[in-house]
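Chemist:
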Amino acid sequence: MDNPVPTTPGEDAAEPTGQAAEQADLAAVCAELQGELDALMAGPGTNAAAQSLDTAVSSLKEVEQRNVSSVQLVALADR
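Per the working numbering, the very first residue in the sequence shown carries number 707; after that it's consecutive.
1. Determine the DSSP secondary structure at ASP784, reduced to helix, strand or coil.
2. Do THR752 and LEU746 come within 8 Å of each other at the CB atom, strictly closer than that value?
3. Assign ALA781 to one of two classes, buried (16 or more other C-beta atoms within 10 Å of its C-beta) or exposed (fewer than that).
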């Protein structure tokens, strides 16, 4: 990497401070987003969504079982 040599005393000191401030801002934003995610995951909507998904999967399994049974009946009728 090509890093320019500072031409004035203290010029290189400003960059780490800027990077540190940027890192602090990034850490604060990440913490805020994590808090929002935790709140969403703990909310009542999460449980309702999971139950809805379970119901949908259960319904699909029932339909699949009926289809398998229908295919078996057709196969028996063709004998």
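Beta carbons are placed, not taken as given, at the ideal position from N, Cα and C, and that holds for glycine.
Modeler: Concretely, from the data shown:
1. Residue state, collapsed to three classes: coil.
2. Result yes, Cβ atoms of LEU746 and THR752 sit closer than 8 Å.
3. Around the beta carbon of ALA781, fewer than 16 other beta carbons sit within 10 angstroms, so the residue counts as exposed.
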